[in-house]
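In my numbering, the protein residues as written are 11 to 959. Positions of the beta carbon are idealized from the N, C-alpha and C atoms, including for glycine. The structure presented is a predicted model; accordingly, all values stated were derived computationally and were not measured.
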């Protein structure tokens with residue numbers, strides 16, 4: 011083990027372990043295992059040409075050097091991004107805490123109660139501030155949320171509108187340009203037209219089904235949209251509003267003047283700028299639309315003993331269930347950032363949030379009064395934080411820019427010469443005086459330094475908020491750091507994360523997120539950079555982005571990379587839009603069909619539909635491979651209309667299909683492209699790659715293979731890599747002069763977490779990355795060898811081996827005993843483990859991926875647990891355990907049940923709570939018993955105010 015390199019710390023298996031594991035698997039060497047697992051014709055002929063690996067110490071110096079190249083100016087550009095203060099208690103105990111950032115999406119409610127409570131705090135805060143009854147638990151960013159609002163309103167069209175084929179959304183011209191660009195990308199393939207105009211001149215027509223407004227608008231002006239909304243509703247048009255959430259502490263919330271959907275970003279709630287992301291979008295709507303809401307909703311339910319608890323509700327994994335009928339392809343959201351924003355609301359409460367908003371607004375009003383005395387004309391009649399000035403004749407925008415930059419200040423410069431700025435939470439008295447000096451010097455005026463900012467208000471009475479918000483006790487109790495710290499800790503003790511034990515989720519690659527990769531995220535030079543600062547102020551970020559892009563091109567074997575998509579599903583969508591743009595450019599835009607194997611990830615067909623294609627499903631054979639005869643037939647049948655094949659490799663069934671090169675050749679022969687879903691790239695890196703195999707485009711889940719943490723369901727990053735002919739069609743950004751295929755608000759998506767992947771690649775190097783892939787395959791085959799004689803393995807490759815993951819057979823268990831895969835999943839919680847992937851991609855099974863990061867001791871403990879559960883299943887089968895009252899169907903067993911004076915089960919408390927000795931050493935106590943999912947769906951309670959009484 012090379013302890014000076016990350017690979018020696020990241021990879022959990024040593025040389026001595028390897029020999030023991032290989033004997034169990036039945037091969038003589040690791041090379042032999044790889045040869046029998048990965049087809050020879052797709053194996054790379056030479057190692058990846060990556061830079062030599064850095065030690066952890068060397069990387070720390072390297073990333074610090076890059077960070078220093080960024081210039082952290084005081085920035086007032088606004089436009090959807092605002093500097094904010096992350097409370098230290100939240101940064102330290104959530105953002106930098108592996109219990110929060112390494113946890114998985116809370117599909118298993120019983121071991122996710124802390125995250126779920128944090129997210130219902132987020133939903134409650136959003137509902138309160140927007141005055142809407144229902145909010146989801148986050149989306150990717152504001153622009154994506156806008157696009158989702160358009161899609162949702164399109165799906166909600168009335169029968170009359172559907173009959174009239176209404177397909178127009180009216181968009182007020184004063185919307186953020188990045189939001190309009192992403193909406194346009196998403197609307198075009200769905201046949202939706204965006205009609206941009208002045209809201210005051212809007213006249214309803216039969217083809218318009220919805221309207222989008224910005225509040226305050228892109229110039230910073232606060233408009234009174236109440237009459238407009240009434241007019242739109244009278245014409246059967248729904249109204250969606252992009253609202254600055256912090257401003258709603260002072261402004262009348264859209265829910266009170268009739269909005270149907272309110273969306274935006276929660277970045278101002280303590281989330282650093284991160285050069286544009288990640289930060290959690292919010293999405294709120296009416297209760298009657300709850301089954302149409304994109305993303306996840308957290309709701310209240312009860313466990314089997316009646317204890318109130320939380321769970322994901324309604325459309326949980328709906329894109330996997332509905333596939334091509336899904337109304338959204340949302341998979342990853344921004345749970346970690348939503349959690350932080352929710353805690354920000356808890357920490358400050360109503361009084362604190364209103365105080366922050368009032369201080370920002372007062373500062374803006376004070377500056378308007380002072381700067382106007384220098385001869386500038388402020389043109390926003392009503393505003394929250396943003397001022398826009400017409401300049402005196404003798405003053406130019408360039409003069410102001412020069413003076414501002416000399417004082418390390420970034421302002422906003424409008425196209426026709428106006429200059430403005432947006433005040434934020436960090437703007438203090440010193441910053442105010444610097445702003446005054448900039449405008450005074452440019453105008454040749456004297457100014458007097460301010461020594462105080464009085465409380466002022468520019469907002470007229472009819473636009474002011476009068477209703478309370480954040481009234482639940484959770485927002486009133488934790489305003490001291492001691493209480494807040496204890497509350498956060500109380501919640502994190504309810505969750506299983508990688509800090510407790512291996513998370514064996516197949517297809518989700520829950521690997522180590524090394525501390526050396528995570529540390530740079532807390533560097534001020536990386537946290538505090540606005541995405542629209544001049545390029546010379548972001549040289550460090552730009553160099554990092556270029557280096558990372560080059561590394562990813564090398565790893566994938568492709569010519570171009572876009573880091574803009576901020577989730578895996580967004581990457582799928584982006585890749586398909588790039589393919590369509592290319593086909594249009596060569597006169598093949600009529601190709602509108604996507605061929606997808608039946609084994610594909612559920613987001614594949616959902617993304618294809620969202621991208622404007624129709625899907626053709628290709629069968630799989632009994633071994634889990636693509637049925638080659640069916641593939642040939644489907645390609646021949648659709649050869650003139652086929653745009654692409656979407657295929658996951660190795661497959662979702664956990665095997666390397668031997669015919670993959672031929673599959674690519676068959677698809678290419680008819681003029682179509684090959685899209686490779688990179689969700690399983692952890693089995694490819696260093697050994698093969700999509701470019702070498704013959705694909706044209708792939709997306710990469712940086713939150714899987716490349717070490718970005720899952721964060722309880724996000725942040726995710728899903729960049730795409732493409733072949734040479736597709737490079738011209740990669741996403742642009744409207745604020746950089748090219749909005750083609752733009753898919754996120756920020757130019758580089760969630761740039762703030764890219765240092766994690768950059769560090770992972772630079773510290774692992776070619777040899778380390780290749781060893782990681784080999785070890786992931788080794789670990790999976792070791793588990794398969796240890797569990798094959800009990801549970802059984804559903805699919806194996808041509809030579810009898812699995813890839814980096816495997817599917818355990820549980821269907822026969824159910825037939826023989828009535829015990830389901832869900833019962834096994836819940837029983838694992840009693841042993842301190844998160845469940846594997848449940849009933850996906852094959853119903854009635856468990857999919858396991860051990861990753862390369864786990865030690866042999868941890869693998870063996872997991873095997874012991876699975877074998878002990880197998881014994882418990884046999885006890886039921888042999889009638890040694892009661893079929894109606896056994897440890898499996900009653901699992902998990904919460905602490906409150908174990909210590910209860912009454913114990914009416916047919917088995918002992920010890921068997922329930924301490925089934926094997928290793929559990930005694932590291933007992934994780936679940937907080938609730940099995941959750942009632944049906945109740946939670948039947949009576950959705952998505953805020954803190956719900957009650958089953």
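{"Check": "Going by DSSP in three states, residue 203 sits in which element: helix, strand or coil?", "Outcome": "strand"}
{"Check": "Taking residue 931 as the reference, give the member of 938, 937, 923 with the closest Cα.", "Outcome": "923"}
{"Check": "At the level of alpha carbons, what is the spacing between residue 935 and residue 842?", "Outcome": "8 angstroms"}
{"Check": "When the Cα of residue 75 is compared with those of 168, 530, 390, which residue comes out closest?", "Outcome": "530"}
{"Check": "Specify the secondary structure class of residue 386 as computed by DSSP and reduced to three states.", "Outcome": "coil"}
{"Check": "Taking the continuous alpha helix (DSSP H) assigned at residue 16, which residues delimit it?", "Outcome": "16-20"}
{"Check": "Within 10 angstroms of its Cβ, does residue 197 collect 16 or more other Cβ (buried), or is it exposed?", "Outcome": "buried"}
{"Check": "Run the CB neighbour count on residue 957, radius 10 Å, all protein chains shown included, and call it buried at 16 or more, exposed below.", "Outcome": "exposed"}
{"Check": "Across which residues does DSSP place residue 292 in a beta bridge pair?", "Outcome": "274"}
{"Check": "Please classify residue 596: is it buried, with 16 or more other beta-carbons within 10 angstroms of its beta-carbon, or exposed?", "Outcome": "exposed"}
{"Check": "What did DSSP end up calling residue 329 once you bin it into helix, strand or coil?", "Outcome": "Legend: pLDDT at residue 329 = 49, less than 50; position of this residue unreliable, value from coordinates given subsequently. Three-state DSSP puts residue 329 in a helix."}
{"Check": "For residue 373, tell me which candidate among 402, 386, 462 has the shortest Cα-Cα distance.", "Outcome": "462"}
{"Check": "When you compare the segment 168-187 with the segment 126-139, are there three or more beta-carbon pairs, one atom per stretch, that lie closer than 8 angstroms?", "Outcome": "no"}
{"Check": "Nearest CA to the CA of residue 658: which residue from 634, 648, 640?", "Outcome": "634"}
{"Check": "Might you give, ordered along the chain, the residues of its own chain that have their beta carbon closer than 8 angstroms to the beta carbon of residue 622, omitting 5 neighbours on each side?", "Outcome": "198, 199, 200, 201, 590, 602"}
{"Check": "According to DSSP, is residue 660 helix, strand or coil?", "Outcome": "coil"}
{"Check": "Answer with buried or exposed for residue 329, where buried requires no fewer than 16 other C-beta atoms within 10 angstroms of its C-beta.", "Outcome": "Below a pLDDT of 50, predicted positions are generally treated as unreliable, and residue 329, at 49, falls in that range; the measurement from the model is reported next regardless. When all chains shown are included, residue 329 counts as buried."}
{"Check": "Rounded to whole angstroms, what's the CA-CA distance from residue 397 to residue 91? Just pull it up for me.", "Outcome": "15 angstroms"}
{"Check": "Residue range of the beta strand (DSSP E) that residue 318 falls in?", "Outcome": "318-323"}
{"Check": "Between the C-alpha atoms of residue 988 and residue 605, what's the straight-line distance to the nearest angstrom?", "Outcome": "As displayed, the chain neither begins before 11 nor continues past 959, which places residue 988 out of reach and without an answer."}
{"Check": "To the nearest angstrom, how far is the alpha carbon of residue 942 from that of residue 311?", "Outcome": "6 angstroms"}
{"Check": "Return the CA-CA distance between residue 327 and residue 609, expressed in angstroms with no decimal places.", "Outcome": "Since pLDDT at residue 327 reaches only 41, below the 50 mark, its modelled position is unreliable, and the value read off the structure follows with that caveat. Whole-angstrom Cα-Cα distance: 16 angstroms."}
{"Check": "With DSSP as the reference, label residue 964 as helix, strand or coil.", "Outcome": "In the structure displayed, the chain extends from 11 to 959; residue 964 sits before or after that span and is not available."}
{"Check": "Quick one: residues in its chain with C-beta nearer than 6 angstroms to the C-beta of residue 962, no 5 flanking neighbours on either side, listed in chain order?", "Outcome": "Residue 962 lies beyond the range of the chain shown here (11 to 959); nothing can be said about it."}
{"Check": "Round the Cβ separation of residue 663 and residue 851 to the nearest angstrom and send it over; I've been treating them as touching at under 8 angstroms.", "Outcome": "7 angstroms"}
{"Check": "Tell me the residue span of the beta strand (DSSP E) that contains residue 683.", "Outcome": "683-688"}
{"Check": "Quick one, which of 865, 736, 321 has its alpha-carbon nearest residue 23's?", "Outcome": "865"}
{"Check": "Along the chain, where does the beta strand (DSSP E) that runs through residue 607 open and close?", "Outcome": "603-607"}
{"Check": "Give a yes or no on contact between the segment 672-691 and the segment 472-483, applying the rule of three or more CB pairs nearer than 8 angstroms.", "Outcome": "no"}
{"Check": "Within this structure, are the beta carbons of residue 458 and residue 724 separated by less than 8 angstroms?", "Outcome": "no"}
{"Check": "Using 8 angstroms as the threshold, is the C-beta distance between residue 139 and residue 263 below it?", "Outcome": "yes"}
{"Check": "How many angstroms separate the CA atom of residue 70 from the CA atom of residue 564?", "Outcome": "23 angstroms"}
{"Check": "Please tell me whether residue 736 and residue 706 are closer than 8 angstroms, where the distance is taken between their beta carbons.", "Outcome": "yes"}
{"Check": "Quick one: is residue 955 buried, meaning 16 or more other Cβ sit within 10 Å of its Cβ, or exposed?", "Outcome": "exposed"}
{"Check": "With residue 708 and residue 679 assumed to form a contact (beta carbons below 8 angstroms), what rounded beta-carbon distance in angstroms separates them?", "Outcome": "In fact, because the Cβ distance is near 20 angstroms, the residues do not count as touching under 8 angstroms."}
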